[in-house]
Every structure is written in C-alpha cells, then in structure tokens.
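Quick mapping for you: the protein sequence lines, in order, are chains A and B. Numbered by the numbering used here, the letters in the first sequence go through residues 1 to 206 in order. Numbered by the numbering used here, the letters in the second sequence go through residues 1001 to 1085 in order. All C-beta atoms, glycine included, are put in the ideal place defined by N, C-alpha and C. Since the model is a prediction, treat every value here as computed from it, not as a measurement.
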Amino acid sequence: MTAEPDPNRKIIHDEDSELIQAINAGDRQRFRELVQRYEHKLYTFGRRMCRDESDAEDLVQDTFLNVFRYLKDFRYETKFKNWLYRVAANTALKQRRRSKFAREPDLPLEDVLDREEAPGPAQVTEWARMPLEQLLNEELLGLLRQAIWSLPEKYRIVVILRDIEEFSTEDTAQILNLSPANVKVRLHRARLFLRDKLKGYFRHEV
Amino acid sequence: MRCDPHRHAHCLALFDKLSEYIDGEMDATERLEIEAHIAQCVACFSCLQSLRQTIALCKRAGRQTVPAVFSARLQTIIQKFQSAP
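See the structure below:
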C-alpha cells in the first residue's frame, strides 16, 4: 500500500515534468517521447555497465519497461532524470545478481595508490600532458572501456554516473542511495584504478 | 624544494583529496593548501595531471551511438507494452 504523500514535501519541476504529467494523466502514447528522449543516454549507461552488448540492450529495455510500470508512483520529489537512473541502476544490479553470484571485491586504496618511488621517466607523465586529440585512438578507447568493465560494480557505476553521465555528487548519491562522502571515495578509487591501467598502457607504448 | 614522493605523509593525505580538488568540491582553505603543495611537489603535480587526463579520457570513452536496429526494436516492445490492457 502506498503511503499518503507528505503535504509539505518539495515538488521539483524540471524539463521532464510536463511529459510525465501527460503520460500519467492518460496519454500513454507519449511514453514514446520519453524513450526517444533518454534512449541514447541509457544506452551509453548500459554499454559502460555491461561488457556484453545484449546485456546492455536488456538493461535499457528492462529499465524502460520498469519506468513504464512505475511511472504512476513518481512523485516529483526528485529530478525525473535521477529517478530514471535509479531505476536503471537497480535494474543493472538485479541483472548482475542473476548472472553472477560471486561477491565483488572492494578496491583497497593500497591497490591504487601510486607506488612510484620518484617521478618516473618523462614518458610516463608525457601522456598526461598531451592534448586529448593526440592521444585518442580506437585502441586506447577500447582499453579504457575494458578497464571500466573490470572495475567492481560499485565503483564502476559511480565513475559512469559522475564522469560519463556527468551527474553531480549530490545527484549520484541520490540515485545510488549513498552519502556524498561515499560517492567521493568510490569515485576517487575508481579513477585511480583507471589511471593505473592507462599508465601501464603508455609505459608499454613507449 | 622537491618532496620525497609518496613516502611523505602529507603527500599521501593530499593524494586522497585530489579528485575533490579537480571537481571543485573543496573549501578555499583546503584548495589553497593543495595548490601550495603541488607548486613545490613534482610527484603530486604529476599525479594531479595524470588523474585529470584520466577523467578527460573517461568522458570520451563513454560516448556510444544507439544502433538503429535496437532503437526500432525498443519502440516495438514499448508499443506492445503500452497496448496491453
């Protein structure tokens, strides 16, 4: 049974509110617009979360189906986009539980701390100073995507939401039901892990 | 003066806050402390640069185009779902 909404709750109106209201008022055909509005972003989210392309497509499809089912329960107390991504995140977690039962490891800080005794040879940091366009190639992008997939899921989802989907710390915390401090710690460790992979790549490239 | 990298407790403490610094999520006092340290510590400056570059690369690695076939299939599935009583 759904509890009565708090009459003093803050209502958020954003760029999606009108569309959500129309759909919930009975104009179900407009759900198509919602799909068109978010399918690209959710597809990116899915492809970064899931190594397997068909898992990513299932994630997107299941997310939209869940949104369709539960849209009537959306209370405009958060940004719609945050609510949408919470549905996506929960769908991703359920998907993983179905396909893999092993508990995912943490990323202890010691594993991602820079262990260099001194600043390395010039070429180790050369890549850090080069313009992005000079660095980017399909091989590097492939490596980075592999590295993102190899992150334990609780770190992967934070780096995807913060650095790829560009949610703020506060919005990410809301989506994942974490504290902002927790989001920051996980993000930092995820970034250091990815940096480690890049350092290894550029060390071998020289 | 060059810091003895990564054995220095101060380096390690600041290292943990580099993401917050890059994201602009730090108060002015902490930010100035980091900036003062980085100005004299080559190792920490290098860490900062490489972390910044990692973030920039990550943003680019994220981009993905929805395959037209999947987009069409998604619309069909949604249409069936919408039509269900």
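Beta carbon proximity, residue i to chain A, threshold 7 Å
i         : result
B/Leu1014 : no
B/Cys1058 : yes
B/Val1066 : yes
B/Ala1009 : no
B/Ser1019 : yes
Exposure of residue i, with buried meaning 16 or more beta-carbon neighbours within 10 Å
i         : result
B/Leu1032 : exposed
A/Gln36   : exposed
A/Ala89   : buried
A/Arg186  : buried
B/Ile1055 : buried
A/Ala102  : Residue placement at A/Ala102 cannot be trusted, given a pLDDT of 47 that sits under 50; what the coordinates show is reported in the next sentence. It counts as exposed.
A/Leu132  : exposed
A/Asn82   : buried
A/Glu15   : exposed
A/Tyr207  : The structure shown has nothing for residue 207 of chain A, since chain A only spans 1 to 206.
A/Glu73   : With the sequence shown as reference, residue 73 of chain A is identified as Asp, and Glu is not the correct amino acid for it. Exposed, by the Cβ-count rule.
B/Tyr1021 : buried
B/Thr1076 : exposed
A/Ser150  : exposed
A/His188  : buried
B/Ser1050 : buried
A/Asp163  : buried
A/Ile11   : exposed
A/Thr44   : buried
A/Lys94   : exposed
A/Thr172  : buried
A/Thr169  : buried
A/Ala56   : buried
Contact with chain B by residue i, beta-carbon distance below 7 Å
i        : result
A/Val183 : no
A/Ala128 : yes
A/Ile175 : no
A/Asp73  : no
A/Asp163 : yes
A/Arg9   : no
A/Arg191 : yes
A/Gln188 : Note that residue 188 of chain A is His in the sequence shown here, rather than Gln. Chain B, which has a Cβ nearer than 7 Å to the Cβ of A/His188, makes this yes.
A/Leu178 : no
A/Arg195 : yes
A/Thr172 : no
Exercise. Inspect the CB distances between the region 154 to 164 of chain A and the region 122 to 136 of chain A and report whether three or more fall short of 8 Å.
Key: Because the criterion of three Cβ pairs below 8 Å is not met, the region 154 to 164 of chain A and the region 122 to 136 of chain A do not touch.
Exercise. Select from the region 1072 to 1085 of chain B all residues with a C-beta closer than 7 Å to any C-beta belonging to chain A, and list them in chain order.
Key: Along the region 1072 to 1085 of chain B, the positions whose C-beta sits under 7 Å from a C-beta of chain A are Leu1074, Gln1075, Ile1077, Ile1078, Phe1081, Gln1082, read in chain order.
Quiz item: Is it true that the region 140 to 152 of chain A meets the region 1048 to 1060 of chain B, where meeting means three or more beta-carbon pairs spaced less than 8 Å apart?
Solution: Three or more beta-carbon pairs drawn from the region 140 to 152 of chain A and the region 1048 to 1060 of chain B are found closer than 8 Å, and the two stretches are therefore classed as touching.
Exercise. Could you tell me whether the region 21 to 32 of chain A touches the region 47 to 62 of chain A, using the rule of 3 or more Cβ pairs below 8 Å?
Key: Fewer than three beta-carbon pairs drawn from the region 21 to 32 of chain A and the region 47 to 62 of chain A are found closer than 8 Å, and the two stretches are therefore not classed as touching.
Self-check item: Every unbroken alpha helix (DSSP H) within the region 32 to 71 of chain A, with a cutoff of 4 residues, ordered by chain
Solution: Inside the region 32 to 71 of chain A, DSSP marks whole alpha helix (DSSP H) runs of 4 or more residues at positions 53 to 70, from first to last along the chain.
Practice problem: Examine the Cβ distances between the region 78 to 96 of chain A and the region 56 to 65 of chain A and report whether three or more of them are shorter than 8 Å. | Solution: Three or more beta-carbon pairs separated by less than 8 Å link the region 78 to 96 of chain A to the region 56 to 65 of chain A, which places the two stretches in contact.
Quiz item: Listed from N- to C-terminal order along the chain, which residues in the region 1022 to 1050 of chain B have their beta-carbon within a distance smaller than 8 Å of any beta-carbon of chain A?
Solution: Answer set for the region 1022 to 1050 of chain B: Asp1023, Glu1025, Val1042, Ala1043, Ser1046, Cys1047, Gln1049, Ser1050.
Practice problem: Return the residues of the region 132 to 161 of chain A that lie within a Cβ-Cβ distance of less than 8 Å from chain B, sorted by chain order. | Solution: Here the close residues are Leu132, Leu135, Leu136, Leu140, Leu141, Leu144, Arg145, Ile148, Val159, Ile160.
Quiz item: Touching or not, the region 1037 to 1053 of chain B and the region 1012 to 1024 of chain B, by the rule of three or more beta carbon pairs under 8 Å?
Solution: Between the region 1037 to 1053 of chain B and the region 1012 to 1024 of chain B, the count of Cβ pairs shorter than 8 Å is three or higher; the stretches touch.
Exercise. With 8 Å as the limit, tell me which residues of the region 51 to 70 of chain A have their beta carbon closer than that to any beta carbon of chain B; keep them in chain order.
Key: For the region 51 to 70 of chain A, the set of positions with a beta-carbon nearer than 8 Å to some beta-carbon of chain B reads Glu57, Val60, Gln61, Phe64, Leu65, Phe68 in chain order.
Exercise. Taking only beta carbons into account, state which residues of the region 16 to 48 of chain A come closer than 8 Å to chain B, listed in chain order.
Key: Along the region 16 to 48 of chain A, going in chain order, the ones with a CB nearer than 8 Å to a CB of chain B are Arg28, Gln29, Phe31, Arg32, Val35, Glu39, His40, Tyr43, Thr44, Arg47, Arg48.
Quiz item: Just by C-beta distance, which residues in the region 78 to 97 of chain A are closer than 7 Å to chain B?
Solution: So nothing in the stretch comes that close.
Quiz item: At which residue ranges does the region 1020 to 1050 of chain B contain complete alpha helix (DSSP H) runs of 4 or more residues, listed in the order of the chain?
Solution: If we require 4 residues or more, the alpha helix (DSSP H) runs fully inside the region 1020 to 1050 of chain B come out as 1028 to 1038.
Practice problem: Could you pull out every unbroken beta strand (DSSP E) segment of at least 3 residues lying fully inside the region 120 to 155 of chain A, listed in chain order? | Solution: Correct list: empty.
Self-check item: Those runs of the alpha helix (DSSP H) which lie wholly inside the region 159 to 193 of chain A and span at least 4 residues
Solution: Whole alpha helix (DSSP H) segments, 4+ residues: 169 to 176.
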